[in-house]
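**Student:**
Number of protein chains: 2
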Amino acid sequence: MSIKIGILGYGNLSRGVESAILQNTDMELVAVFTRRSPENIKTKSGVPVFTVSELENYKDKIDVLVLGGGSATDLPTQTPEYVKYFNVVDSFDTHAKIPEHFENVNKAAKEAGKVGIISVGWDPGMFSLLRMISTSVLPEGKNYTFWGKGVSQGHSDAIRRIKGVKDARQYTIPVEEAVNRVRKGENPELSTRDKHVRECFVVVEEGTDKSAIESEIINMPNYFSDYNTTVHFISEEEMARDHKGLPHGGFVLRSGVTGFNKENKHIVEYSLKLDSNPEFTGSVIAAYARAAYRLSKEGVSGCKTVFDVAPAYLSPISDEELRRTML
Amino acid sequence: MSIKIGILGYGNLSRGVESAILQNTDMELVAVFTRRSPENIKTKSGVPVFTVSELENYKDKIDVLVLGGGSATDLPTQTPEYVKYFNVVDSFDTHAKIPEHFENVNKAAKEAGKVGIISVGWDPGMFSLLRMISTSVLPEGKNYTFWGKGVSQGHSDAIRRIKGVKDARQYTIPVEEAVNRVRKGENPELSTRDKHVRECFVVVEEGTDKSAIESEIINMPNYFSDYNTTVHFISEEEMARDHKGLPHGGFVLRSGVTGFNKENKHIVEYSLKLDSNPEFTGSVIAAYARAAYRLSKEGVSGCKTVFDVAPAYLSPISDEELRRTML
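If you read the sequences in order, they're chains A and B. For my numbering, count along the first sequence from 1 and bump the result up by 424. For my numbering, count along the second sequence from 1 and bump the result up by 424.
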């Protein structure tokens, strides 16, 4: 009997979840639910699309509902709401608001006897797991997180909001020298500017003052002013040809010491090189949807994060087989 | 109230656990127990050493007993025996015999109401965890494990058993070209010889036929015959000066694809660079000793592996704080 999944929303991330479910033979995508007009959406896998109000009829037909919405406005209300009726998984990624989100989801999930796993993906998600485990193993040390090379959607959107900009793609790139200093165990103090550079590809409307736009990007507070930023103006054709993917990735490093005199250095590094950020994130979500289903079957309820889920719950392989083949 | 730890044995690994406990302020090393004469052992941290028969008097004074013995002869009997009286952690690393060891420990642990966490360290251990999680996230792909550069104690011992050899140190070295092919997502088929080379540093007795020894090493079945092996003859002084450490490390990579047409590649890489193999292994064991203690407090019993332990149990930091600072 397969695990029945529903997805709320049908953006990039939801399609990533959809394609991930096709790779997991113990799962089945039942339907996609949308706040838009269902008749305008055709899913890649051919599963039906329903309006969100239909969800109430699926309480007994879906084991886990994946919430594909955004962290700014969708998930803060959706996750606590839908965990009243379904086991849910979300990818809430506003790090500063995770404690509040956790409390809201936990309260609703406990009351309903459901499981809600929040902040699933790679950061938060896999990167968090690695930071946490490495810190537990090497209590004396420093953590470093580098992102990229990859497309930052938030930064791309920020550029698109500038008057005269038709399209934009922003790549976050880790500074290799900084990464290598960490890898060597130098434990450097690194400023924001030391760790990443930002490279922007921008299509502007004809007749626009490019140098004014370049200056507006480079000096944009929060997004760019703390970084070394380069701006390239390109044509719409070049944008379509060279920048259609959503690659991403990054590194989590822990540099620690052990020994009676702290004489031995250790470097733990976890890195991701992802051709498709939403598809990898969707793949992580699919594995945690399996965990949500199993935890719920065992009578567990409440809000969980990647820290709370024993890794074996992620795998379709039996415990015996895991020990025999992967330990 | 700190977690009270005992250690059985006082070899390299046990000293690694001892130094790790000093870095974990929520833990306290109560005593070391030995099958040798306790009066001949002085611990680095000054904790007392008792003969192993004293252990029965420590049933209520130790929360977790770490078993520092070897996988060949010690642990197969020690872990099922001592889990009758203590929560235990071992580093059993004979991969092929893990299922049998698990069953033995599980039966004894369930009967006694204790927790036994087996095969803790980095391989098995952290590497297993990464293989398993990455495989769950990317079901379609290949796993690669490379070891080194590092000292293989088993291979060093094998050389030392050759007549005329006074001392030896064997380094396992991953073939960089092979690692890079995997990193590029080529998914190569790699033979044993393709993945690692073996470099040996050997001190021989005066008047020994070096070329005969070199040939005996290079052609030794199981240990060397399937590898490209180089042998360097060095003096005792060089051995003491250049090869006294026990560094190790390696890489676990998963190369997978996602997408409706499997068009997107993803590379997940976990790497360790360890100045001291036993101290890092001891540090992993200390974190899992914390988990054993907590699981036991919650009423859990039986045999566990790294797959079965939710990561939060490894950390001394509260769940709230973990979510706030590391998620």
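Every residue, glycine too, gets a C-beta built ideally from N, C-alpha and C.
Three Cβ pairs or more, each shorter than 8 Å: is that satisfied between the segment 597-612 of chain A and the segment 548-560 of chain A?
**Tutor:** At 8 Å Cβ cutoff, the stretches do not touch.
**Student:** Is there at least one Cβ from chain B nearer than 7 Å to V471(A)'s Cβ?
**Tutor:** Within the first sequence, residue 471(A) is the residue found at index 47, counting from 1. Answer no: the Cβ-Cβ gap between V471(A) and chain B never drops below 7 Å.
**Student:** Should F684(A) be labelled buried (16 or more other beta-carbon atoms within 10 Å of its own) or exposed?
**Tutor:** The residue labelled residue 684(A) in the question sits at position 260 within the first sequence. Answer is exposed; the Cβ neighbour count stays below 16.
**Student:** Would you say the beta carbon of V513(A) comes nearer than 6 Å to a heavy atom of the ligand COA?
**Tutor:** The model depicted lacks the ligand COA and carries no ligand whatsoever.
**Student:** What do you reckon, are the CB atoms on I709(A) and V488(A) nearer than 7 Å?
**Tutor:** Locating residue 709(A) in the first sequence gives position 285, counting from the first residue. Locating residue 488(A) in the first sequence gives position 64, counting from the first residue. No, Cβ-Cβ distance for I709(A) and V488(A) is not below 7 Å.
**Student:** On a CA-only basis, which of R718(A), F731(A), R584(A) is nearest I741(A)? Give me that one, please.
**Tutor:** As a first step, residue 741(A) is located in the first sequence; it is residue number 317 there, counting from the start. Ranking R718(A), F731(A), R584(A) by Cα distance to I741(A) puts R718(A) first.
**Student:** Can the beta-carbon of R617(A) be found closer than 7 Å to that of Y651(A)?
**Tutor:** By 1-based counting over the first sequence, the position of residue 617(A) is 193. By 1-based counting over the first sequence, the position of residue 651(A) is 227. In this structure, Y651(A) lies closer than 7 Å to R617(A) by Cβ.
**Student:** Going along the chain, which residues of its own chain have a beta-carbon closer than 7 Å to the beta-carbon of P472(A), five neighbours each way excluded?
**Tutor:** One-based indexing of the first sequence puts residue 472(A) at position 48. Excluding positions up to five away in sequence, the list reads A455.
**Student:** Alpha helix (DSSP H) containing V439(B): first to last residue?
**Tutor:** Mapped onto the second sequence, residue 439(B) falls at position 15. Note on residue identity: the sequence assigns Arg, not Val, to residue 439(B). From DSSP, the alpha helix (DSSP H) with R439(B) extends over 436-446.
**Student:** Drop a sphere of 10 angstroms on the beta-carbon of H501(B), count the other beta-carbons inside from all chains shown, and report buried for 16 or more, exposed for fewer.
**Tutor:** Within the second sequence, the letter at position 77 stands for residue 501(B). Here the sequence assigns Thr to residue 501(B), which means His is not the residue at that position. Under this definition T501(B) is an exposed residue.
**Student:** Let me know the secondary structure DSSP gives T559(B) once reduced to three states.
**Tutor:** Along the second sequence, read from residue 1 onward, the residue named residue 559(B) stands at position 135. DSSP places T559(B) in helix when its eight states are reduced to three.
**Student:** For a cutoff of 7 Å on Cβ pairs, would you count V733(B) as touching chain A?
**Tutor:** Here the question's residue 733(B) lines up with position 309 in the second sequence. It does: the Cβ of V733(B) has a partner Cβ on chain A nearer than 7 Å.
**Student:** Is the Cβ of K697(A) closer than 7 Å to any Cβ of chain B?
**Tutor:** Walking along the first sequence from the start, residue 697(A) turns up at place 273. Yes, K697(A) counts as interfacial toward chain B.
**Student:** I need the DSSP call for F526(A), collapsed to helix, strand or coil.
**Tutor:** To locate residue 526(A), count along the first sequence from 1; it is residue 102. Three-state result, F526(A): helix.
**Student:** Quick check on the burial criterion: 16 or more other C-beta atoms within 10 angstroms. Buried or exposed for S620(A)?
**Tutor:** Reading the first sequence from its first residue, position 196 is the one you call residue 620(A). Checking the sequence, you will find His at residue 620(A) rather than Ser. By the neighbour-count rule (16 or more Cβ atoms within 10 Å), H620(A) is buried.
**Student:** Can you find a C-beta in chain B that's less than 7 Å from the C-beta of Q447(A)?
**Tutor:** Walking along the first sequence from the start, residue 447(A) turns up at place 23. True, the Cβ-Cβ gap to chain B drops below 7 Å.
**Student:** In this structure, what does DSSP give as the bridge partners for S700(B)?
**Tutor:** Residue numbering aside, residue 700(B) sits at position 276 when the second sequence is read from its first letter. L670(B), per the DSSP bridge assignment.
**Student:** State buried or exposed for N481(A), treating a residue as buried only when at least 16 other CB atoms are found within 10 Å of its CB.
**Tutor:** Start at 1 with the first residue of the first sequence, and residue 481(A) comes out as number 57. So N481(A) ends up on the exposed side.
**Student:** Let me confirm a value: M750(A) is counted as buried when at least 16 other C-beta atoms fall within 10 Å, else exposed. Which label applies?
**Tutor:** Taking the first residue of the first sequence as 1, we reach residue 750(A) at position 326. Label assigned to M750(A): buried.
**Student:** Quick one: which residues of the segment 664-688 of chain A get their C-beta closer than 7 Å to a C-beta of chain B? List them in chain order.
**Tutor:** Cβ contacts with chain B come from T682, G683, F684, N688.
**Student:** Below 8 Å on the Cβ atoms is my guess for A532(A) versus V513(A); work out the distance and round it to an integer in Å.
**Tutor:** Sequence index remark: in the first sequence, residue 532(A) carries index 108 (1-based). Sequence index remark: in the first sequence, residue 513(A) carries index 89 (1-based). So it is not a contact: roughly 15 Å between Cβ atoms.
**Student:** Count the other C-beta atoms from every protein chain shown that fall within 10 angstroms of the C-beta of R439(A), then say buried if there are 16 or more, exposed otherwise.
**Tutor:** Numbered from 1 along the first sequence, position 15 holds the residue referred to as residue 439(A). Per the 10 Å Cβ criterion, buried.
**Student:** Check F731(B) in the structure and name its three-state DSSP category.
**Tutor:** Taking the second sequence and counting its residues from 1, one reaches residue 731(B) at position 307. Of the three classes helix, strand and coil, the one that applies to F731(B) here is helix, per DSSP.
**Student:** Specify, as a first and last residue, the run of the beta strand (DSSP E) that N604(B) falls within.
**Tutor:** Here residue 604(B) refers to the residue found at position 180 of the second sequence. Unbroken run through N604(B) is the alpha helix (DSSP H), 600-607; no beta strand (DSSP E).
**Student:** Using the beta-carbon count (16 or more within 10 Å), is P645(B) buried or exposed?
**Tutor:** Within the second sequence, residue 645(B) is the residue found at index 221, counting from 1. P645(B) is exposed by the Cβ-count criterion.
**Student:** Taking C-beta pairs closer than 8 Å, name the residues in chain A that F526(B) reaches, listed in chain order.
**Tutor:** The residue given as residue 526(B) occupies position 102 in the second sequence. Simply R747.
**Student:** Go through its chain and collect everything with a Cβ distance to E640(B)'s Cβ below 6 Å, but skip five positions before and after it.
**Tutor:** Residue numbering aside, residue 640(B) sits at position 216 when the second sequence is read from its first letter. If we look at E640(B) and ignore the five residues flanking it on each side, its Cβ neighbours are I586.
**Student:** Along the segment 632-648 of chain B, what residues have a CB closer than 8 Å to any CB found in chain A?
**Tutor:** The segment 632-648 of chain B vs chain A, Cβ under 8 Å: nothing.
**Student:** Between the beta-carbon of V575(A) and the beta-carbon of V626(A), is there less than 7 Å?
**Tutor:** Along the first sequence, one-based indexing puts residue 575(A) at 151. Along the first sequence, one-based indexing puts residue 626(A) at 202. No, these two residues do not count as a Cβ contact at 7 Å.
**Student:** Shorter than 7 Å from the beta carbon of T729(B) to some beta carbon of chain A?
**Tutor:** If you number the second sequence from 1, residue 729(B) lands on position 305. Cβ-Cβ to chain A under 7 Å: yes for T729(B).
**Student:** Show which residues of chain B have a CB atom less than 7 Å away from the CB atom of E703(A).
**Tutor:** Taking the first sequence and counting its residues from 1, one reaches residue 703(A) at position 279. Result: T682, G683, N688.
**Student:** By Cβ distance, which residues of its chain are closer than 8 Å to I642(B), with the 5 residues on each side in sequence left out?
**Tutor:** Locating residue 642(B) in the second sequence gives position 218, where the first residue counts as 1. Cβ neighbours of I642(B) beyond the five flanking positions: F648, S649, T653, V655.
**Student:** Taking 8 Å as the cut-off, does the segment 605-614 of chain B touch the segment 684-698 of chain B (at least 3 CB pairs, one atom from each stretch)?
**Tutor:** Short answer: they touch.
**Student:** Enumerate in chain order the residues of its own chain whose CB-to-CB distance from E478(A) is below 7 Å, with the five nearest sequence positions on each side excluded.
**Tutor:** For the purposes of this step, residue 478(A) is identified with residue 54 of the first sequence, where counting begins at 1. Closer than 7 Å at Cβ, skipping near neighbours: F457.
**Student:** Can you find a CB in chain A that lies within less than 7 Å of the CB of V529(B)?
**Tutor:** Locating residue 529(B) in the second sequence gives position 105, counting from the first residue. No, V529(B) lies away from the interface with chain A (no Cβ there is under 7 Å from its Cβ).
**Student:** Would a check of beta-carbon distances place S552(B) closer than 7 Å to chain D?
**Tutor:** This model lacks chain D altogether; the protein chains it does include are A and B.
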